[in-house]
Amino acid sequence: MEELQRALENRGLTVSNLPDKGRSLFTTRDFSPGEVIILQEPYVCVPNNSPAESRCDACFQSSNLKKCSACQVVYYCCSSCQKFEWKLHRLECEALSKLQKERRMAVTPSIRLMIKLYLRTKLQAEKIIPSSAVDNYKLVEALVAHMSEIDEKQLVLYAQMANLVSLILQWSDINIKEIAENFSKLACNAHTICDSELRPLGTGLYPVVSIINHSCLPNSVLLFEGRSAVVRAVQYIPKGAEVLISYIETSGSTMTRQKALKEQYHFTCTCPRCIKVGQYVDIQESASLEGYRCKDKGCSGFLIRQSDGDGFVCQQCGLVRSKEEIRKIASELKSLSDKASISTSSCDYQEAISGLKAIETLQKKLFHPFSISLMQTREKLLKILMELEDWNEALAYCRLTIPVYQRVYPGCHPLLGLQYYTCGKLEWLLGDTENAVKSLTKAVDILRITHGTSTPFMKDLLMRLEEARAEASYKLSSEE
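Quick note on numbering: my numbering labels position 305 of the sequence shown as 571, and the sequence is numbered without any gaps.
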């Protein structure tokens, strides 16, 4: 702990223990919006390889891949990446190669992550690869496992996975109970590695980043550059403040967020947003995001269940919607959603679009205009329409999602910035240069804080904005 504190001191950070939170990360100097608070390489990480897509084990790129000829499990994009990973993969390769081919192909990313965890620890102990104050197994040992809060079914699963790891490694002194506990630690502390557009690429364990606690109103954001975890301030953080990120999708109601946190991370959030649970402002937000709309299409009120439970009453105009009416529409939605899922998974895009539009029509009748469910349906339509290169309709749906994004996310949230980016790209593609400049400017204003400016993604975005501005200026001068 002392070594870690000394290493963090140079970065303007310190670790303190809080009564209800345990280890927490605090600032020892001021941080400005967009400033990097901490950057950490993974202790271990694995790509989310699937039959449909594989990635390089070192850099997570998906092009120019060659499979390891020995184990037939791991891919590399170049000799440099293979060399970078060789000391660790040499041992993993030996262990995997001893398995029968069918069993070897069935090794999941979670199992691989645990195998790599033990191999890395072994190599550090033998001083074959270096360790440091922010890169050692003691930091993994210090992570909380929450074993006492896990149900029996999950404990059995962890035990089975631990036995499989033991079978693969074949170490005589391996501790099965410790492996099972480490699987629980991974479930609570590992992070999904995403690209700049927040598409998942893999999973990594970042023990120092894992010290940072959660808030549904965070002052920082965790994103990734390659496989490096980068935590940036999204607002001014004064000296002595706790660094906070969000562990979950924060667009849902307080009850939805609390449920997600309890199930995966085993704690109840007491952030400024969550302590309002049960208050009128929280009830209003929950009813808008996940509740029903008023029967009067001209009314923007939200509905709350009547005390007798027979219906839902609008808090603005007093109109009542019966439970039977809502149940009927919900049942139709369930049937349509099942069909749309089948069409989407089978890549029958025209059928999927038809189904999703029917769902959208019913959702507009049932849910509040700011409904998360309605937004998600429109997101699915946007994604498919972009796949089909139907740019006009894609732009129409993208614009429909923006007001909901503005409502459910803080002003400096990467998802809001990325939605402006998508909108700007579509507008520019369709020749609406003036609006493209506005959208791309909004995207840059947010994403330069959340993403920095040095990644290929951000350099491309900044270049797009400059080109759009130049084109808009040229059009304006031509008109004059």
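Don't be surprised by glycine CBs; every beta carbon is placed ideally from N, CA and C. Only a predicted model underlies this, so the values are computations on that prediction, with no experimental measurement involved.
If the criterion is Cβ atoms closer than 8 Å, does the pair C482 and T516 meet it? yes
Using the C-alpha atoms, what's the distance from L728 back to A399? 37 Å
Would you say N330 and C344 are within 8 Å of each other, going by their C-beta atoms? yes
Buried or exposed, going by whether 16 or more other CB atoms sit within 10 Å of the CB of E745? exposed
So what does C311 bridge to, in DSSP terms? G470
Just list the beta strand (DSSP E) runs in the region 483-567, keeping only unbroken ones of 3 residues or longer that don't cross its boundaries, in chain order. 486-491 and 494-499
S611 (DSSP reduced to helix, strand or coil): helix
K631 to I715, Cα distance in whole Å? 38 Å
In the DSSP assignment, the alpha helix (DSSP H) including N283 goes from what residue to what residue? From DSSP, N283 is part of no alpha helix (DSSP H) but of the beta strand (DSSP E) over L279 to L284.
Express the C-alpha separation of C678 and C537 in angstroms, rounding to a whole number. 18 Å
Where V302 sits in the DSSP three-state scheme: strand
Out of P504, S519, T522 and A499, state which residue places its alpha-carbon closest to the alpha-carbon of I511. A499
Using the Cβ count rule (16 or more neighbours within 10 Å means buried), how would you classify R356? exposed
For N276, count the other beta carbons within 10 Å of its own beta carbon; 16 or more makes it buried, fewer makes it exposed. Which is it? exposed
Any non-hydrogen atom of the ligand SAH within 7 Å of M724 CB: The ligand SAH is absent from the structure shown, which contains no ligand whatsoever.
What are the boundary residues of the beta strand (DSSP E) that includes L569? L569 to R571
Taking the continuous alpha helix (DSSP H) assigned at L423, which residues delimit it? E418 to L435
Report the residue from I459, E392 and Y384 whose alpha carbon sits nearest the alpha carbon of F449. Y384
Where do the N-terminal and C-terminal ends of the beta strand (DSSP E) with F292 fall, by residue? G288 to T293
Identify whether D323 lies in helix, strand or coil by the three-state DSSP scheme. coil
Between L622, T627, D574 and S566, which lies nearest to I595 when the distance is taken from Cα to Cα? T627
Taking the beta carbon of S588 as the centre, do at least 16 other beta carbons fall within 10 Å, making it buried, or is it exposed? exposed
Touching or not, the region 681-688 and the region 701-713, by the rule of three or more beta carbon pairs under 8 Å? yes
With C560 and Q582 assumed to form a contact (beta carbons below 8 Å), what rounded beta-carbon distance in angstroms separates them? 7 Å
How would you label N485, buried or exposed, when you count the other beta carbons within 10 angstroms and need 16 or more for buried? buried
Using the Cα positions of P635 and L279, report the straight-line distance between them to the nearest angstrom. 43 Å
So what does DSSP say about T719, is it helix, strand or coil? coil
With a 10 Å radius around its C-beta and 16 neighbouring C-beta atoms as the bar for buried, classify V431 as buried or exposed. buried
Could you compute how far the alpha carbon of Y403 sits from the alpha carbon of D439? 17 Å
When the Cβ atoms of the region 537-548 are set against those of the region 607-626, are three or more pairs found closer than 8 Å? no
Tell me whether S705 sits in a helix, a strand or coil according to DSSP, three-state version. helix
Count the other CB atoms, across all protein chains shown, that sit within 10 Å of the CB of A456; report buried if there are 16 or more and exposed otherwise. buried
Please classify D604 as buried or exposed, where buried requires at least 16 other C-beta atoms within 10 Å of its C-beta. exposed
Where the beta strand (DSSP E) through T458 begins and ends: H457 to C460
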